[in-house]
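Numbering (this note's numbering), first residue to last: 15 to 203. No residue lacks a Cβ here, since even glycine has one placed at the ideal position from N, Cα and C.
Quick look at the structure:
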């Protein structure tokens with residue numbers, strides 16, 4: 015644009031070597047991580063969640079959200095927000111696992127976060143044993159998401175397998191924090 019303005023101002027033709035073309039395209043993949051913070055997701059499961067959250071935020075600094083869910087959904091990092099991974103991890107680690115789990119509410123909150131993104135691909139990563147003890151059956155909310163991948167504890171599979179089967183979600187099992195990078199890669203296909 016500067017080359018065109020200058021050429022017009024001095025009454026000469028535009029030197030094509032000074033022209034630059036910018037191609038606009040939509041961002042690649044947006045992620046919304048939902049972490050179950052019920053009583054069943056303590057200890058090593060919380061440590062695994064912290065590693066997954068750090069990987070999500072660091073891999074998508076401009077287009078990732080992190081939510082924690084029990085009876086209500088807490089947004090620890092909103093989609094598109096510039097909140098450092100360290101702060102998100104600190105907030106996640108101080109949450110006490112307790113109470114009931116409303117997965118339907120959590121998935122609806124994740125859908126709202128992903129709707130804020132312009133990305134071509136929008137993926138919700140649900141880190142949970144998928145044992146819902148409050149709210150509606152999460153299957154309908156899961157089916158409303160463009161893509162859902164469940165990251166479930168390897169030693170607590172049944173409810174995660176049921177939600178995956180009923181919703182068409184990808185299902186990946188984790189034994190602990192060291193599995194996080196490979197699990198995220200597998201979840202994203």
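Within the same chain, 191, 194 come within 6 Å of residue 65 by CB-CB distance, once the 5 residues on both sides are set aside. Taking all protein chains shown into account, residue 188 has 16 or more neighbouring C-beta atoms within 10 Å of its C-beta and is therefore buried. With distances taken between CA atoms, residue 166 lies nearest to 50 out of 114, 50, 77.
If you look at residue 167, you'll find it in the beta strand (DSSP E) that goes 161-167.
If the five residues before and after residue 89 are omitted, its C-beta is found closer than 6 Å to the C-beta atoms of 81, all from its own chain and listed in chain order. Separation of residue 119 and residue 31 (C-alpha to C-alpha, rounded to the nearest whole angstrom) is 55 Å. The stretch 148-162 makes no contact with the stretch 61-80; the number of CB pairs closer than 8 Å stays below 3. A buried status is given to residue 152, since no fewer than 16 other beta-carbon atoms sit within 10 Å of its beta-carbon.
Taking the Cβ atoms as the reference, residue 133 lies roughly 15 Å from residue 203, outside the contact range of under 8 Å. When the five nearest sequence neighbours on each side are left out, the beta carbons in the same chain lying within less than 7 Å of the beta carbon of residue 175 are those of 185, in order along the chain. Here residue 146 has 115, 117, 152 as same chain residues with Cβ atoms under 6 Å from its own Cβ, once five neighbours each way along the sequence are excluded. Straight across, the Cα-Cα distance linking residue 100 with residue 177 is about 31 Å. Leaving aside the five residues that flank residue 97 on each side, the residues in its chain whose CB is nearer than 6 Å to its CB run, in chain order, 91.
Around the Cβ of residue 127, a 10 Å sphere holds 16 or more other Cβ atoms; the residue is buried. Under the three-state reduction of DSSP output, residue 116 falls in the coil class, being neither helix nor strand. Beta-bridge annotation (DSSP): residue 82 is paired with 49, 88. With fewer than 16 neighbouring CB atoms inside 10 Å of its own CB, residue 196 falls in the exposed class. Cβ neighbours of residue 201 within its own chain (closer than 7 Å, five residues either side excluded): 139, 163, 165, 184, 186.
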